[in-house]
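Note that the protein sequences, when read in sequence, are chains A and B. 1 is the number of the first residue of the first sequence in our numbering; add one for each residue after it. 1001 is the number of the first residue of the second sequence in our numbering; add one for each residue after it. Comments concern the structure below.
Number of protein chains: 2
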Amino acid sequence: MDYLDLIEQLQVAADTKVVFLVMDGLGGLPLTPDGMTELEQAHTPNLDKLAVRSLCGLSTPVAPGIEPGSGPGHLSLFGYDPLVYEIGRGVLEALGIGFDLQPNDVAARGNFCTLDENGLVVDRRAGRIPTETNQRLVEKLRTIELPGVQTFVETVKEHRFVLVLRGEGLEDGLTETDPLVTGKPQLTVEARRAEAEPTAVLVNRWLAKAHELLAGGRPANGCNLRGLAKDPGLPQMDEICGWRAGAIATYPMYRGVAKLIGMDVLATGDTIEDEVETLKGHWADYDFFFFHVKKTDSYGEDGNFPARVEVIEHVDHLLPDILALEPNVIVITGDHSTPAKLKSHSWHELPVLLWAEDMRPDNVTQFGERPCMLGGLGHIRHVDLLPLAMAYARRLKRYGA
Amino acid sequence: MDYLDLIEQLQVAADTKVVFLVMDGLGGLPLTPDGMTELEQAHTPNLDKLAVRSLCGLSTPVAPGIEPGSGPGHLSLFGYDPLVYEIGRGVLEALGIGFDLQPNDVAARGNFCTLDENGLVVDRRAGRIPTETNQRLVEKLRTIELPGVQTFVETVKEHRFVLVLRGEGLEDGLTETDPLVTGKPQLTVEARRAEAEPTAVLVNRWLAKAHELLAGGRPANGCNLRGLAKDPGLPQMDEICGWRAGAIATYPMYRGVAKLIGMDVLATGDTIEDEVETLKGHWADYDFFFFHVKKTDSYGEDGNFPARVEVIEHVDHLLPDILALEPNVIVITGDHSTPAKLKSHSWHELPVLLWAEDMRPDNVTQFGERPCMLGGLGHIRHVDLLPLAMAYARRLKRYGA
């Protein structure tokens, strides 16, 4: 159920503070069937001490079996059902490189590709060209001018780039050019809605010029545009929850997602210590803090089990500094699982810990996947964590008489 | 939530095999408050050994408190929310007797009834006439001819029969004739949609002739038609999941439900051993196998607790033969509970076991209702089992970036 409307109706002001400590990709797997997960193996005396006083459980980010990207994983943590509130790939790609997307920009994910002499796509990724080649080609594409519209072209990496169109009257609701299989011609961008027709014309004009500039190159002699989208105009968190929300994250993607829902993105440094300092420095300014730790995920993607254990131990070491600020509610979890064993995001449930006053502590004495299976929160969904945290923070009034 | 659309978007090919071992009516009840259920009492060393390495839990077929029929119980196992994807009673009744329903057939469930001299229904089941009487009356009804349409009339049992109309342009969306209470006249079949008007005329003509033929009989001198429906045209499993699905079941109803969603129904014998042989024989041909065991349910309906225990032990005995095929994912559960104590389907949750690689085994060491209460799958819904199985079979790609 999507109940942001209900939350918005019921929210009341309170002098309470809520922290969501998000260890990206927190959920793990044992390397052998009888082994321990990264979190279980980590020496986490502070998390375990907190678990004793808390409610623990396992949480599903999107739906059972669904492996979420970072966008859906975080939206759900903030109470937005990602199946209801979709963010286009172009927008996510722009956020991922820290592009300062404006509300009416149309962003597309671009892929350099290889076309044969008949214009058929023979390699959808142009052999994953080096990022340096990408940068050189992007310089060329930046010379393309469109009437009445600013264009931005930015390298992501390898064959991937971002195209952003900025100007009056741009609309999304556009089809993609990638035929998705090789041996087929590229598609023309078409408007799915009449209002998007002029934007489709502009994008096709840009594509025609891009292909003139890329012609003759090898292996990248063409490009495709996918996920052409605007900022979806998500409901803003301050209006829904009635609180001032601050985001502390070191990576562009997470800062971008926070910005999309109206959080203030706070300047911080590169380390978790920097992030803790930022939290302390802004403690008086906000009611809700999104505190993001990236490296649990990065080392998961790398398949580096011991490094994940170390990052978790590092967070555990800094936890007392966060608790010393005396938040009224703290939720500790991740956006999705990234088990080192799989070197990838996965669909597995995540351990979650919720501490606040006036709860009924369960019997969990260690913060880990297996102990959380028997936790008092049970099996929960990410979208339910925000309303629960608001309730424990005394920020929701009674529903009905 | 119904997320078959999402599954279809995310499915990818993989060289993996999934088995759903469905013991019909598996969930049971203790005969005395301190007793054991059928599954708990059964000696199941192989199931228990597998449980040690698996995730266990309890699953709700449709919704809490809802006692499902076989149709909804199975649809939900296959990922179709039965509250979204309804199958008409006429279709289910036809499937239940193994009638080879075609996509444009309109099927109705028929009930012989008793009418008084004023045409009011005085017994909606005609005193549950013997099946032999039913067969004699059905012979009469088979003589009815309709213009441009073939009709089939088939005995089910006692007062129940099936009527199927076959021909061009037949439509469903028809009302029923049974007033549902006694002392009222029968209703005329009406079209809920304009396109169904000609079909309503045909059905009413058939009914008029049927009443001429039945007039004067005792106690069955009339009949009612209910649940007039066509094959609902359910989304096909191969398209949703991207796999080849084979069904191994000995009873018509389950073969019929499997056929409705596009599984190949495999020829097999009458015993569970025969079904295992069929599984072995077709192992290379399919990615997903629905393996149905009927007698756990039949003996439940009979109230035969020890016979249910024996069937479960029989399945346990054959389990190693199934595991020897090395499925990548195996799910063991039922479509609903049929406790011998109740002699009926029931609303109780069902024990469920999911084994695959890359899971976090829980602490359950015995496959039974009470041990499963504390299992790592928690309390789950049937419709979530298929997406979970697909995820563990590496057949779902990431959702969102």
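Virtual Cβ for every residue (Gly too), placed ideally from N, Cα, C. Remember, predicted model here, so these are calculated numbers, not experimental data.
Please tell me whether residue i and residue j are closer than 7 Å, where the distance is taken between their beta carbons.
i	j	result
SER1076 (chain B)	VAL1364 (chain B)	no
VAL1106 (chain B)	LEU1180 (chain B)	no
ASN224 (chain A)	LEU115 (chain A)	no
ILE87 (chain A)	PRO252 (chain A)	no
LYS1397 (chain B)	LEU1010 (chain B)	yes
THR338 (chain A)	GLY300 (chain A)	yes
GLY1028 (chain B)	THR1037 (chain B)	yes
GLU1275 (chain B)	ILE1312 (chain B)	no
ALA200 (chain A)	VAL189 (chain A)	yes
ASP1316 (chain B)	LEU1083 (chain B)	no
ILE1322 (chain B)	LEU1353 (chain B)	no
ILE240 (chain A)	GLU8 (chain A)	yes
LEU31 (chain A)	LYS341 (chain A)	yes
THR1131 (chain B)	GLU1154 (chain B)	no
THR1060 (chain B)	GLU1349 (chain B)	yes
My guess is that residue i and residue j are in contact by the Cβ rule of under 8 Å, so how many angstroms apart are they, rounded?
i	j	result
GLY1400 (chain B)	PRO72 (chain A)	4 Å
LEU468 (chain A)	PHE99 (chain A)	Only positions 1 to 401 of chain A appear in the structure, and residue 468 (chain A) is not among them; the question remains open.
ALA94 (chain A)	VAL164 (chain A)	6 Å
ARG192 (chain A)	THR175 (chain A)	7 Å
VAL1019 (chain B)	ILE1330 (chain B)	5 Å
GLY1227 (chain B)	ARG1053 (chain B)	Going by Cβ atoms, the distance from GLY1227 (chain B) to ARG1053 (chain B) rounds to 44 Å, so no, they are not a contact pair.
LEU260 (chain A)	GLY246 (chain A)	Rounded, the Cβ-Cβ distance is 15 Å, inconsistent with contact.
GLU40 (chain A)	GLU357 (chain A)	About 28 Å separates the two Cβ atoms, so there is no contact after all.
VAL1091 (chain B)	ALA1258 (chain B)	That belief does not hold up - the Cβ atoms of VAL1091 (chain B) and ALA1258 (chain B) are roughly 14 Å apart, past 8 Å.
TRP283 (chain A)	ALA1391 (chain B)	Not confirmed; about 40 Å, so no contact.
PRO68 (chain A)	HIS314 (chain A)	Between HIS314 (chain A) and PRO68 (chain A) the Cβ distance is about 25 Å, and since that is not below 8 Å, they are no contact.
ALA126 (chain A)	PRO219 (chain A)	5 Å
GLY1035 (chain B)	LEU1120 (chain B)	Going by Cβ atoms, the distance from GLY1035 (chain B) to LEU1120 (chain B) rounds to 48 Å, so no, they are not a contact pair.
THR133 (chain A)	TRP206 (chain A)	No, THR133 (chain A) and TRP206 (chain A) are not in contact; Cβ-Cβ is about 20 Å, not under 8 Å.
LEU55 (chain A)	GLY375 (chain A)	7 Å
Can you give the Cα-Cα distance for residue i and residue j, rounded to whole angstroms?
i	j	result
HIS292 (chain A)	TYR254 (chain A)	8 Å
MET1001 (chain B)	ASP1081 (chain B)	At MET1001 (chain B) the pLDDT is 49, less than 50, meaning the model places this residue with poor confidence and gives no usable figure here.
ASP178 (chain A)	PRO64 (chain A)	30 Å
PHE367 (chain A)	ASP335 (chain A)	16 Å
LEU146 (chain A)	VAL156 (chain A)	22 Å
ALA1014 (chain B)	ARG1394 (chain B)	7 Å
LYS49 (chain A)	GLY242 (chain A)	31 Å
MET373 (chain A)	LEU1141 (chain B)	59 Å
PRO1361 (chain B)	LEU1004 (chain B)	27 Å
THR1271 (chain B)	ILE1129 (chain B)	32 Å
PRO232 (chain A)	GLY25 (chain A)	25 Å
LEU1318 (chain B)	GLY1110 (chain B)	40 Å
ASN1118 (chain B)	GLY1303 (chain B)	42 Å
ALA51 (chain A)	MET237 (chain A)	28 Å
LYS294 (chain A)	MET23 (chain A)	7 Å
PHE1078 (chain B)	TYR1085 (chain B)	11 Å
ILE144 (chain A)	TYR1286 (chain B)	52 Å
GLY1320 (chain B)	PRO1045 (chain B)	The sequence given here has Pro at residue 1320 (chain B), not Gly. Taking the straight line joining both Cα atoms gives about 10 Å.
PHE1290 (chain B)	SER1298 (chain B)	19 Å
LEU279 (chain A)	MET1359 (chain B)	36 Å
Name the one or two DSSP bridge partners that residue i has.
i	result
ALA383 (chain A)	Here the sequence assigns Val to residue 383 (chain A), which means Ala is not the residue at that position. The partner list for VAL383 (chain A) (beta bridge, DSSP) is empty, contrary to what the question assumes.
CYS1056 (chain B)	B:LEU1353
THR155 (chain A)	A:PHE161
TYR1399 (chain B)	A:PRO68
ASP264 (chain A)	A:GLY246
VAL150 (chain A)	Before going further, note that residue 150 (chain A) is Gln rather than Val in the sequence given. Answer is A:ARG166, bridged to GLN150 (chain A).
PHE1305 (chain B)	The partner list for PHE1305 (chain B) (beta bridge, DSSP) is empty, contrary to what the question assumes.
SER337 (chain A)	A:LEU26, A:SER346
VAL106 (chain A)	A:LEU165, A:LYS230
GLY90 (chain A)	Partner(s): none; GLY90 (chain A) has no beta bridge.
VAL1329 (chain B)	B:VAL1018, B:ALA1356
LYS259 (chain A)	DSSP output for LYS259 (chain A) lists no bridge partner at all.
Would you say residue i faces chain C, with C-beta separation under 7 Å as the test?
i	result
PRO1387 (chain B)	You won't find chain C in this structure, because its protein chains are A and B.
For the segment 109-137 of chain A, which segments carrying the beta strand (DSSP E) assignment without a break, of at least 3 residues, lie completely within its bounds, in sequence order?
-> Here the runs fully enclosed are 120-123.
Considering only residues of the segment 204-233 of chain A, which uninterrupted alpha helix (DSSP H) runs meet the minimum length of 4 residues and lie entirely inside it, listed in chain order?
-> Look at the segment 204-233 of chain A and you find no whole run of alpha helix (DSSP H) that is 4 residues long or longer.
Let me know the beta strand (DSSP E) ranges lying completely inside the segment 1001-1053 of chain B, each 3 residues or longer, listed in chain order.
-> Fully enclosed beta strand (DSSP E) runs of 3 or longer: 1018-1023.
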